[in-house]
Amino acid sequence: MYNKTIKLANGVEVPMLALGTWLIDNAEAAKAVRAAAELGYRHVDTAQAYGNERGVGEGIRTCKIPREQLFVTSKVAAEHKTYAEAAASIDKTLADMELNYIDMMIIHSPQPWAEVNQSENRYVEGNRLAWKALEDAYKTGKIRAIGVSNFLEGDIESLWETAEIKPMVNQVLCHISNTPIDLIEFCRKKGIVMVAYSPVAHG
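Reminder that position 77 of the sequence shown reads as 77 in the UniProt record's numbering, one-by-one numbering, no gaps.
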């Protein structure tokens, strides 16, 4: 399982099993990444909102596995809904992790966290602006693949209308008691790879 990959629309191969790093501080994140790499993990998932990109980056740099054999995913904070905010956050992620590139960067949520399930505002324009920042970072080689997280069908359709580069993944909560069949089929038809987080309904 450690070595199984799935191919994205742009041809990038993503290791299917990833180490999630939510609720792990910088010091412990570095240790966790090194330990996971020793076990055989080659994909590590973090986010600006986790506050541990420095530690994850340290773990990546010091785990003795060549960088090109590792896959690093991070996420633009859900609150960044302007081009300038998203672009600056991508550069900060690279600086904090001390990496030359991020393998995949995704928009963490279509809504700021304070408004999830609290507001009908889906931030259509804000997500388009954040997406443009991801597209530009992708074009310049800062990121190898781009996608979204927690996006519903309508969120994806709105982004799809103006996106020059289409979303390659949608990372969502998915486990045995929460399997969004319709969303999975919708993404499949659009060539978007569905990525499950908390696949055992915890963590």
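All residues carry an ideal CB built from backbone N, CA and C; glycine is no exception.
Considering only DSSP beta bridges, list what residue i is partnered with.
i	result
lysine 7	Glu13
alanine 145	Met104
tyrosine 197	Leu173
asparagine 178	His175
phenylalanine 71	His43
Flag this pair as yes or no: are the beta carbons of residue i and residue j separated by less than 8 Å?
i	j	result
asparagine 52	alanine 29	yes
threonine 5	glutamine 48	no
leucine 99	isoleucine 60	yes
tryptophan 131	alanine 78	no
arginine 128	leucine 159	yes
asparagine 163	isoleucine 90	One point to set straight first is that residue 163 is alanine, not asparagine, in the sequence displayed. No, these two residues do not count as a Cβ contact at 8 Å.
leucine 70	arginine 42	yes
Sorted by chain position, which residues of the same chain lie with C-beta nearer than 8 Å to residue i's C-beta, five sequence neighbours on each side aside?
i	result
isoleucine 156	Val148, Pro167, Asn170, Phe186, Cys187, Lys190 and Ile192
alanine 95	none
Confirm the yes/no value for this check: CB of residue i, any heavy atom of the ligand NAP, distance under 7 Å.
i	result
asparagine 26	Among the components modelled here there is no ligand, and therefore nothing to report on the ligand NAP.
Quick check: the Cα distance between residue i and residue j, rounded to an integer number of angstroms?
i	j	result
proline 66	valine 72	13 Å
lysine 75	valine 12	18 Å
threonine 21	glutamate 161	33 Å
tyrosine 101	serine 109	22 Å
asparagine 10	arginine 144	9 Å
lysine 7	glycine 40	20 Å
threonine 82	glycine 126	6 Å
Based on Cα-Cα distance, which residue from the options lies nearest to residue i?
i	options	result
alanine 196	Arg144, Asn3, Pro15 and Ala9	Pro15
methionine 194	Tyr2, Leu17 and Asn3	Leu17
threonine 62	Leu173, Asp103, Ala32 and Ser198	Ala32
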